[in-house]
Amino acid sequence: EQQVQQSPASLVLQEGENAELQCSFSIFTNQVQWFYQRPGGRLVSLLYNPSGTKQSGRLTSTTVIKERRSSLHISSSQITDSGTYLCAMDTGYQNFYFGKGTSLTVIP
Amino acid sequence: EAAVTQSPRNKVTVTGGNVTLSCRQTNSHNYMYWYRQDTGHGLRLIHYSYGAGNLQIGDVPDGYKATRTTQEDFFLLLELASPSQTSLYFCASSDPGGDSYEQYFGPGTRLTVL
Numbered sequence: 215e216q217q218v219q220q221s222p223a224s225l226v227l228q229e230g231e232n233a234e235l236q237c238s239f240s241i242f243t244n245q246v247q248w249f250y251q252r253p254g255g256r257l258v259s260l261l262y263n264p265s266g267t268k269q270s271g272r273l274t275s276t277t278v279i280k281e282r283r284s285s286l287h288i289s290s291s292q293i294t295d296s297g298t299y300l301c302a303m304d305t306g307y308q309n310f311y312f313g314k315g316t317s318l319t320v321i322p
Numbered sequence: 040e041a042a043v044t045q046s047p048r049n050k051v052t053v054t055g056g057n058v059t060l061s062c063r064q065t066n067s068h069n070y071m072y073w074y075r076q077d078t079g080h081g082l083r084l085i086h087y088s089y090g091a092g093n094l095q096i097g098d099v100p101d102g103y104k105a106t107r108t109t110q111e112d113f114f115l116l117l118e119l120a121s122p123s124q125t126s127l128y129f130c131a132s133s134d135p136g137g138d139s140y141e142q143y144f145g146p147g148t149r150l151t152v153l
């Protein structure tokens with residue numbers, strides 16, 4: 215069973231548009247982290263958001279524990295935002311599960 | 040920011056060969072992890088550890104051993120490598136004893152088993 219589901223699987227935006235990425239979990243969790251990755255590259259932590267809303271620059275994450283979901287909003291997308299966005303959750307035993315990611319392409 | 044390094048960055052071996060992947064973190068984190076990343080599967084946890092001498096089994100441990108020799112160093116061992124172990128391997132660390140469970144990743148090791 216896939217513990218973490220991400221949607222959409224891929225997304226193409228024009229530069230300047232906003233993106234909304236979704237993550238849903240098979241169990242309740244209060245440890246949610248969003249990552250960014252270029253093909254074959256290191257995972258870069260974007261936001262650690264166990265609950266509520268957190269913002270970092272153009273990124274805003276909202277986690278609703280009771281609904282077992284988290285979202286990542288990217289405002290005013292830029293070409294350099296292209297890549298894969300991954301969310302991960304902890305089951306409570308320091309055993310992290312990752313979604314398969316959303317591939318974002320921003321075009322001029 | 041936490042510093043996690045991995046070596047080698049690329050490795051090619053043959054079926055049946057022995058491979059050791061190394062990971063070091065320099066931020067005194069208690070937890071260290073080994074993941075593999077494959078197209079269609081995403082990241083999957085192989086082994087993790089919460090301190091020197093400790094080892095916990097992840098979701099895909101078959102064919103892998105791991106050893107945590109110090110708080111800083113965590114090794115992944117493939118004693119009889121198989122082509123199915125061709126993958127991109129990541130090491131990560133975290134310190135859940137603090138306020139944040141945030142994970143920090145190394146740059147990855149690309150392993151090819153011929």
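Note that the protein sequences, when read in sequence, are chains A and B. Quick note, the working numbering runs 214 ahead of the 1-based positions in the first sequence. Quick note, the working numbering runs 39 ahead of the 1-based positions in the second sequence. Using N, Cα and C, we set each Cβ at its ideal position, and we do this for glycine too. None of these values were measured; they are calculated from a predicted model.
Provide the residue span of the beta strand (DSSP E) that contains phenylalanine 310 (chain A), from first to last.
-> Segment 310-312, the beta strand (DSSP E) holding phenylalanine 310 (chain A).
Decide if the region 47-60 of chain B is in contact with the region 240-256 of chain A; the criterion is three or more beta carbon pairs, one per stretch, under 8 angstroms apart.
-> The region 47-60 of chain B vs the region 240-256 of chain A: no contact.
Answer with yes or no whether the minimum CB distance from proline 47 (chain B) to chain A is below 9 angstroms.
-> At a cut-off of 9 angstroms between C-beta atoms, proline 47 (chain B) does not count as an interface residue with respect to chain A.
Boundaries (first-last residue) of the beta strand (DSSP E) holding histidine 323 (chain A) | For residue 323 (chain A) there is no data in the structure shown, the boundaries of chain A being 215 and 322.
Taking glycine 97 (chain B) and arginine 256 (chain A) to be in contact with their CB atoms under 8 angstroms, please state how far apart those CB atoms are, rounded to whole angstroms.
-> 20 angstroms between Cβ atoms; not a contact.
Measure from the alpha carbon of tyrosine 72 (chain B) to the alpha carbon of each residue in B:Thr151, B:Val99, B:Pro122, then state which is nearest.
-> Comparing Cα-Cα distances from tyrosine 72 (chain B) to each of B:Thr151, B:Val99, B:Pro122, the minimum goes to B:Val99.
Name the DSSP bridge partner or partners of histidine 86 (chain B)?
-> Per DSSP, B:Trp73, B:Ile96.
Element boundaries [beta strand (DSSP E), containing tyrosine 299 (chain A)] | Tyrosine 299 (chain A) -> beta strand (DSSP E) spans 297-304.
Own chain partners of aspartate 295 (chain A) with C-beta closer than 7 angstroms, once the 5 adjacent residues on each side are dropped = Here the set comprises Ile288, Leu318, Val320.
Proximal residues to leucine 286 (chain A) (C-beta, below 6 angstroms), its chain only, five neighbours per side dropped = Hits under 6 angstroms: Leu235, Trp248, Ser275.
Candidates A:Gly313, A:Tyr299, A:Val278, A:Arg283, of which the one nearest leucine 225 (chain A) by Cα = Here the closest residue by C-alpha is A:Tyr299.
Residue range of the beta strand (DSSP E) that includes glutamate 234 (chain A) = Element bounds for glutamate 234 (chain A): 233-239.
Alpha carbon of tyrosine 70 (chain B) to alpha carbon of valine 258 (chain A), nearest angstrom | CA-CA distance, tyrosine 70 (chain B) to valine 258 (chain A), rounds to 18 angstroms.
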